[in-house]
Each structure stands twice: as structure tokens, then as C-alpha cells.
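Novice:
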Amino acid sequence: MDQRILEFIGDLRRAEIRISPSEALDALAASAEVGLGDRETFKATLAATLIKEFRDQPTFDRLFNLYFLDLEALGEGLKKALGPEDPRVQDLLDDLMADENMELDELTELLMRGQGSEMEMAIRSGGQNAGLERLMYFLQVGFFSRRISDKFDWSAIEGDLERIMKALEQRGLDPGQLARIRNYLELRLEAFKRMIRQHVERELERRAYRQGEKLTREVLADKPLFALTPDEISQMKSVVARLARKIKDALALRQRQEHKGRLDSRRTTRKSLQYGGVPMEIFLKRRHREKPKLITICDVSDSVRNASRFMLQLVWSLQECFSRVRSYVFVSEIAEVTQAFNTYPVERAIEWALKGAPVDYHCRSDFGFAFSQFTKTELDSLDRKTTILMLGDARNNYNDPQAWALRLIRERVKGIIWLNPEGQWGWGIGDSVMPLYAPSCDFVRECRTIGQLGEVVDNLVHHWWRRGR
Amino acid sequence: MFESVEEVQQRFRDARYIASRRVSTVVFLAARMGRPVLIEGPAGVGKTELAKTLSEITARPLIRLQCYEGLDEGKALYEWKYAKQLLYTQLLRDRIGELIADAPSLPDAVAKIAGQEDAFFSYRFLSPRPLLAAIQAEQPVVLLVDEIDKAEPEFEAFLLEVLSDFQVSVPELGTVRAKHIPLVVLTSNNARELSDGLKRRCLHLFIDFPAPADELQIIRLKVPEVPEQLARAVVSAVQKIRAMDLRKLPSVSESLDWARSLVILNARELDPGIVESTLTMLVKHEKDLERVKGSLDKVLAE
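If you read the sequences in order, they're chains P and E.
Every letter in the first sequence is one number past the one before it in this note's numbering, and letter 390, counting from 1, is 390.
Every letter in the second sequence is one number past the one before it in this note's numbering, and letter 195, counting from 1, is 664.
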């Protein structure tokens, strides 16, 4: 069984669940404690020792069912596949085996004794060197089934069966009985061949599952954002959530290292009075790192809406990294949507910002107008701790770019970072005014895929806000 | 301590705690393997209660460490009573003088004082906090580290060290090793991602809101005076409210409170009037309250 659990752990790892060697050992030790008697208990045991994140639970459940449907359910299924056991025939065969001391092939013995789980084991070990790891498509099932069945020596089995029948004949059984026994053994042989095929099919299912999981994640992370289907968008949300958590975890680690500082002489002296002037307790000044303020400004016109969606999700999932986050959306008019994020959970707030904010969603993007409006109303609220994270393709529909407005904003803030969901080769071509805005920005990045978005934000959180503090 | 998973389940039941198969399995494993259990889940699903019940059924005293922001090793492990130590040395100055009066030289005097070191550095001046108390305990205990997610990551790292060796070093006194491995239960509301190390060390248990049938059982068990009909209505209403998009979902303890208050008000069934006046027992945010009141007919529908 240990082998099976280890295989299972291997597949969990391939499905990107982190399991350390010590946890694997725990799982083995724990399952030895509870035994395999009760499936629920066994499952709870593996879950408690291996799965430490709630989000991994569904993957665990599905894989567990693929692996351990076995035991009881499978035992039942096998019994059915092998046909009803004929106790009288079985008795006769057992007698024969006990008396005659025949040299039989291993498989024949299995067929005679008829233990479903042992057959399963035999098939599995046969499959191990049949190159099952190359199994990928349904069309290959027949091929691999044959490969596994080639491992067994069928002619030896046929021969064994003949010998058994002969021995029984010599014992003076009547033809009717003999026919029944022959039929019984042949049925079992048949069933065994079917089991091989089933085994290969299940293996395929397992493989398809783990490949699928990984592929979706990898492919989605590199797919241009504008090309995502609604279905993919909903899958993406969990990818972005994962990303946010990763960035946050790394940040927590860094904050831990920042706690030590210089001696706080004032507090140390004051405390020492309690001990007659002896500085018994030392206080250190905690270096206080001020959290940055962040303003996001998102173009929410059709062409870049997806990029805005994920950037908003990422930023708001990271909001505890900032002292304050404010968000604006625009097409040509600009409106603040921060309130929605303070009231609703992130997902709903994003939906609202993309569809329900008080701006006209159906006009053509006008960056210049949005910036000039922004300077009119919000300029006073900007300060040197604020960073502006701008997301847009800078396709201005030949409107006045009003680059002066962005320059004015830049003078008031710590920096402007522009994420452009359009490929770099398109900047400045056609109605793109990116080259006009770029000089006001501290840096401009292409951000076509989630992978790139993650890199940029990670970079910001770890480097941009570190400098100069 | 426990012979089987079934026994765990039964004993929890006897102590009026409904433990699912999963919960019982994890408790059983923790007891067998001497591993800490990390329980995660939304507020008010009985995480702390589980630890309390565990201490009750194993007849082990419960030592509780409530975590909060700014909790440090000193507050969790032990405090050295400097003031008392200083006071003692001040008061005993004369005795110390006598002790070294006949010492012929300075090194002799130092040696004499060194001989008395135990008097100055002893448990007398140490006040144990929960962690040390759990390790020092003469009899096995249940240690509950509540809301570990509220403490800072450094503290978590420190706790991990304690939990893997069950020993701590007190610079003044040396290493204290646990006489018995305590049963450790950590709870977290997921306010913050816990470190991988801690998760690796612990058996992990996620407790979610109970299924309707389980919640009904819990209400019957904890508020036996509630009429069957009403109990069912309460469960159905609470489950529906939990399905709503609220800032804070009603916990099990809140639905128990609600059932209790309905009993006190002598309610026989849930009518809109009584629900509206008692809803604050269940829903604690102003905005949530408005929303639930807005769809009261849906919540109360059979």
C-alpha cells in the first residue's frame, strides 16, 4: 500500500501541490495508524497530513477518487467482472490443487484462487515496464493493453488449463461437470483480459487529469488577455489570486527581517529607572517603513477591459501592502470607484467598476480628456508618497493627447508606472500616443499576459517601493 | 489515550460535541503521533470549543495562549521578574556581606557568591507564561494556541521551534524539556497565510460550517429546550442566510444564541415579526442586516 500512497503523492505534486518529504513520511505513518478499514478515515488521514491549503482540497478529492476508488468499490466491481464464484467448482479446484501439487504458471494460480485485488496488483506490476508513462491518447489504449497482456505467458496458461482439465477427468468427473469447470475458468480468463483494458483506461484518465490541470495553468498565464473567453476569465481569477498570495507571502518574510533597529535610548533609560538605573531591558527603535499609497487608473474600454480586470484584482488583493489604495476608471470621462471596493468583496467591486461606474462605456477612449479632468479634480490629493499605476493601451482615437496633464500629475507624485496591454511593437503606430506619454512615466511595461502582469507587480512591491526608503 | 477513531467520535459525542469522521480521525492521529493540530476555518464553527472538549474528555488541564498582534516570546514563554530579583538582593545585602566576610581574597569571595548562584537564578524569579507552563507541567496537558494568525510571523517561527522539540531554553536556568508531550491545538481564522514550516509540522484540519443535518443535531444537543419544529426552522433560515453575500456570515455559536433567545421569547415558530426583532443575534453588520431584512420572506420560506 505504501507504494500506492507514494505514487499518489507523486501525482499530487505534479498537480502543483507542495508536499515535503516529511509530510509524505507523516502520511505513511498516519495511514499505518488508522489502517485501510474505513475509506473515509483513510481519506481524512491523507488529507490531514498532505493537504495544508484549503484551495488544494478539490484537487486532492478528485485525485483521491481516481486512485483509491479501488479497495471496496473496486473489489465489488471485480467480483462482478469475474462472474459469480461457483463454490462447488471452487472446492473441486482447491482439492485438486492440494492433492496434485502441479507446477502452474503464477497467473493460472491467480485465476484459480480468484482474488480480485491480487489480479489488480499483477496487472499493475505488468504495466510498470510496459511504458505506460507514454500513454496520452484514447487511441493508444488498445496498444498498451496488448503490451501489458504480452507480459503474461498465455500459452503457458492454456497449457495449465488443459492439464487441470485432464487431471479432473482422471478423477472421474462426469462430462457435464467438466464442461462447467471449463466454462468457469474460461470466463475468468476473459474477465482478466477485460481488467487489463480497464486498468489502462483508468491510467489514461489519471494522466489526462494531471496534464490538463498543469496545461491550463501554464497556457492561460501566457495567453494574451484580450483573447480570453468568459470561461477562461473565471479560471484566471484563481490564477491571479494565487499570484497575489505568492507576492504577499514573500513580502511577509521581508518584513520579518526589518524589525531590528538602533537603540532607543529614551525608552531604555526610562525603563531602567525601575531597576535603580540599571538598563535591564533594552529597547530598539523599530525602523518604521511607511506603506506606500497607490492610485490605479484603468482604461475600461472594450479592448483592454480584461487587463484592467486582473490588474484591479491583483492590486486589491494586495491592499494590505499599501496604506491606501484608490482606483479610477475611465473611457473618456474618469470616475473614482474606490468606494465600491470598500463596500463589496473584490470580485463584485470589479464587475461594478467595469460595467456600472458613472462613466460612459460606449464612447471612444480619450486619454487626454481623462487626464485633464483628473488634474482638475484630484491634483490636490496627490503627494510624494503616492504611486500611480496606469493601465491602458494609449490608443487615443486621434484625440488631443494633452500630455501636459500627465506631466503635471508626475510632478506631484512619487512616480507613474504605465502598464500597456498592447505589444511593444505597436506603440506609436496608428493612433497610439504611447511615445508622448512615456517621458512622464518612471517606467512603461508591456503587460499582455497574466505572467507579465505578475512580474510587474511583484517587481513593484519588492523593488520600486524599497528604493529611497 | 484513544483506541480507535470510533472511540474518539463517541467520547466527543458524550461530551456534547458533534465531531465528524474527519475531525475524529485527525484528533486520533494527533494523540497517536504526538503531533500538533492546526485547525482552520471561519469564525465560530467550534475550533476553540474542540480544544476545550478535548481537554475535557482526556481529563487534561487546558492551557490557553491567546495570540494577538505584538505578542512576543517573552509574553508567551516566561517573564523574568527582575524587580523581585533586585529587591531580594537589596534586602539580602547584609547576608551576602556576612557570607563573604571571612573570604581572604576577592577571588574567594567571588567563588563563594558563585556557589550561591542558584539562589539568585531560580524558578522563584521566573513567572511561566502558557508555553513554558505547558512544557513544565507535571501532568500531560492540552495546549491551545488560539488565533495564531493574529500573531506576527516571527512568533510563528519561534512557536514552530518549540513545537518540534518540546523544549525551550531559558538563558538563566538552562534547557527545560517537556516531561510529557502536550496535545497541541492551534486555531487560525485565515487572516494571514501561515508559514509553510508550521503547516508542515502540523496535522491540518479544515472545519467549515456544518451541513444542515449536523447543525440541527448541534442545536438539539446544546439547546435541548428548543421545540423540534422551531429547531428545523432555525437551521433552514441560518443556512439560507449563509448562502447570501454578506460581510460576516452567521456562525454556529450565533445560531445557537439565536435559538436560545427564541426560546426565551417563547417563540413557537419563526414569524417575520419575531425574526426581525431577534435578527441582531445572528447578523451583526448594519449593511448585512438591511440585506437580510430585505429578503426575509425568502429566508423564511420553507
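Glycine included, every Cβ here is placed at the ideal spot set by N, Cα and C.
#1: So Ser365 of chain P and Ser432 of chain P are in contact, right, with Cβ under 8 Å, and what is the actual spacing, rounded?
#2: Excluding the 5 residues flanking Ser730 of chain E on each side, which residues of the same chain have their C-beta closer than 7 Å to its C-beta?
#3: Listed from N- to C-terminal order along the chain, which residues in the segment 712-746 of chain E have their beta-carbon within a distance smaller than 7 Å of any beta-carbon of chain P?
#4: May I ask you to list the residues that DSSP assigns as paired with Thr386 of chain P?
#5: Report the start-end ranges of each beta strand (DSSP E) in the segment 327-368 of chain P that is 3 residues or longer and not cut off at the edges.
#6: Give the straight-line distance between the Cα atoms of Val359 of chain P and Phe330 of chain P, rounded to the nearest whole angstrom.
#7: Using beta-carbon positions only, say whether Glu616 of chain E and Thr558 of chain E come within less than 8 Å of one another.
#8: Does any C-beta atom of chain P lie closer than 8 Å to the C-beta of Lys553 of chain E?
#9: Just tell me which of P:Phe283, P:Gly276 and P:Glu378 has its CA closest to the CA of Leu263 of chain P.
#10: Is Leu71 of chain P close to chain E? Criterion is C-beta to C-beta, closer than 8 Å.
#11: Taking 6 Å as the limit between beta carbons, can you name the residues of its chain near Gly368 of chain P, skipping five residues before and five after?
#12: Who are the near neighbours of Ser493 of chain E in its chain, counting only those whose CB is closer than 7 Å to its CB and skipping five residues on each side?
#13: On a Cα-Cα basis, can you pick out the residue from P:Met119, P:Ile19 and P:Phe322 that is closest to Asp56 of chain P?
#14: Using a Cβ-Cβ cut-off of 8 Å, state whether His754 of chain E counts as contacting chain P.
#15: Between Ala335 of chain P and Lys767 of chain E, what straight-line distance do the alpha-carbon atoms span, to the nearest angstrom?
#16: Is DSSP giving Trp549 of chain E helix, strand or coil here?
#17: To which residues does DSSP link His673 of chain E through a beta bridge?
#18: Could you name the residues that DSSP lists as bridge partners for Leu652 of chain E?
#19: Say whether the segment 525-541 of chain E touches the segment 606-615 of chain E, bearing in mind that this needs 3 or more beta-carbon pairs closer than 8 Å, one atom from each stretch.
#20: Rank E:Ala682, E:Ile687 and E:Cys671 by C-alpha distance to the C-alpha of Leu507 of chain E and give the top, closest one.
#21: Could you tell me which chain P residues have their CB closer than 7 Å to the CB of Thr558 of chain E, listed as they occur along the chain?
#22: Considering only their Cβ atoms, is the gap separating Thr387 of chain P from Gly415 of chain P smaller than 8 Å?
#23: Please state whether DSSP places Ser20 of chain P in a helix, a strand or coil.
#24: Assign Gln313 of chain P to buried or exposed, taking buried as 16 or more other Cβ atoms, counted over all protein chains shown, within 10 Å of its Cβ.
#25: Using 8 Å as the threshold, is the segment 483-502 of chain E in touch with the segment 521-532 of chain E, meaning 3 or more CB pairs across them?
#26: Taking Cβ-Cβ distances below 7 Å as the criterion, which residues of the segment 31-47 of chain P are in contact with chain E?
#27: Taking the alpha carbon of Glu723 of chain E as the point to measure from, which residue in E:Glu738, E:Arg737 and E:Lys691 has its own alpha carbon closest?
#28: Tell me which residue opens and which closes the alpha helix (DSSP H) that Ser638 of chain E is part of.
#29: Is the shortest distance between the beta-carbon of Ala370 of chain P and the beta-carbons of chain E less than 8 Å?
#30: Could you please give me the residues that DSSP links to Glu446 of chain P through a beta bridge?
#31: Closer than 8 Å, CB to CB, is Glu607 of chain E near chain P or not?
Specialist: In short:
#1: Position 365 of the first sequence, counting from 1, holds the residue named residue 365 of chain P. Position 432 of the first sequence, counting from 1, holds the residue named residue 432 of chain P. Going by Cβ atoms, the distance from Ser365 of chain P to Ser432 of chain P rounds to 11 Å, so no, they are not a contact pair.
#2: Taking the second sequence and counting its residues from 1, one reaches residue 730 of chain E at position 261. Once the five neighbours on either side are set aside, the close Cβ partners of Ser730 of chain E are Thr747 and Met750.
#3: none
#4: Position 386 of the first sequence holds residue 386 of chain P. DSSP output for Thr386 of chain P lists P:Lys293 as bridge partner(s).
#5: 334-336
#6: Start at 1 with the first residue of the first sequence, and residue 359 of chain P comes out as number 359. Start at 1 with the first residue of the first sequence, and residue 330 of chain P comes out as number 330. Approximately 7 Å between the Cα atoms of the pair.
#7: Here residue 616 of chain E is taken as the residue at index 147 of the second sequence, counted from 1. Here residue 558 of chain E is taken as the residue at index 89 of the second sequence, counted from 1. Against a cut-off of 8 Å, the Cβ pair of Thr558 of chain E and Glu616 of chain E comes out as no contact.
#8: Residue numbering aside, residue 553 of chain E sits at position 84 when the second sequence is read from its first letter. No, no contact with chain P.
#9: Locating residue 263 of chain P in the first sequence gives position 263, counting from the first residue. Selected option, being the one with the closest Cα: P:Phe283.
#10: By one-based count along the first sequence, residue 71 of chain P stands at place 71. Reliability of the predicted coordinates at Leu71 of chain P is poor, the pLDDT of 46 falling under 50, and the value obtained from them is presented with this limitation in mind. For Leu71 of chain P, the answer is no, since every Cβ of chain E falls outside 8 Å of its Cβ.
#11: Within the first sequence, residue 368 of chain P is the residue found at index 368, counting from 1. Closer than 6 Å at the Cβ level, and outside the excluded window around Gly368 of chain P, lie Asn399, Asp400, Pro401 and Gln402.
#12: For the purposes of this step, residue 493 of chain E is taken as the residue at position 24 of the second sequence. The answer, listed in chain order, is Val474, Val477, Gln478 and Phe481.
#13: For the purposes of this step, residue 56 of chain P is taken as the residue at position 56 of the first sequence. Measuring from the Cα of Asp56 of chain P, the nearest candidate turns out to be P:Ile19.
#14: By 1-based counting over the second sequence, the position of residue 754 of chain E is 285. Closer than 8 Å: no.
#15: On the first sequence, residue 335 of chain P is found 335 positions in, with the first residue counted as 1. On the second sequence, residue 767 of chain E is found 298 positions in, with the first residue counted as 1. Their backbone Cα atoms lie some 36 Å apart in a straight line.
#16: Locating residue 549 of chain E in the second sequence gives position 80, counting from the first residue. Trp549 of chain E falls in the strand class under three-state DSSP.
#17: In the second sequence, the residue the question calls residue 673 of chain E occupies position 204. Partner(s): E:Leu507.
#18: By 1-based counting over the second sequence, the position of residue 652 of chain E is 183. Looking at the DSSP assignment, Leu652 of chain E forms a beta bridge with E:Val611.
#19: yes
#20: Counting from one through the second sequence, the residue named residue 507 of chain E turns up at place 38. Closest by alpha carbon: E:Cys671.
#21: Counted from its first residue, the second sequence places residue 558 of chain E at position 89. Going along chain P, no residue has its Cβ under 7 Å from Thr558 of chain E, so there is no contact; the nearest lies around 11 Å.
#22: Locating residue 415 of chain P in the first sequence gives position 415, counting from the first residue. Locating residue 387 of chain P in the first sequence gives position 387, counting from the first residue. Yes; because the gap between Cβ atoms is below 8 Å, this pair is in contact.
#23: Taking the first residue of the first sequence as 1, we reach residue 20 of chain P at position 20. Looking at Ser20 of chain P - three-state DSSP - the assignment turns out to be coil, as it is neither helix nor strand.
#24: As a position in the first sequence, residue 313 of chain P is number 313, starting the count at 1. By the 10 Å Cβ count, Gln313 of chain P comes out buried.
#25: yes
#26: Glu33, Val34, Glu40, Thr41, Ala44 and Thr45
#27: Numbered from 1 along the second sequence, position 254 holds the residue referred to as residue 723 of chain E. Of E:Glu738, E:Arg737 and E:Lys691, the residue nearest in Cα terms is E:Lys691.
#28: For the purposes of this step, residue 638 of chain E is taken as the residue at position 169 of the second sequence. First-last for Ser638 of chain E: Gln636 to Val639, but that is the beta strand (DSSP E), not the alpha helix (DSSP H).
#29: The count along the first sequence starts at 1 and reaches residue 370 of chain P at position 370. No, Ala370 of chain P does not count as interfacial toward chain E.
#30: Here residue 446 of chain P refers to the residue found at position 446 of the first sequence. Partner(s): P:Asn420.
#31: Here the question's residue 607 of chain E lines up with position 138 in the second sequence. With 8 Å as the cut-off, Glu607 of chain E does not count as an interface residue toward chain P.
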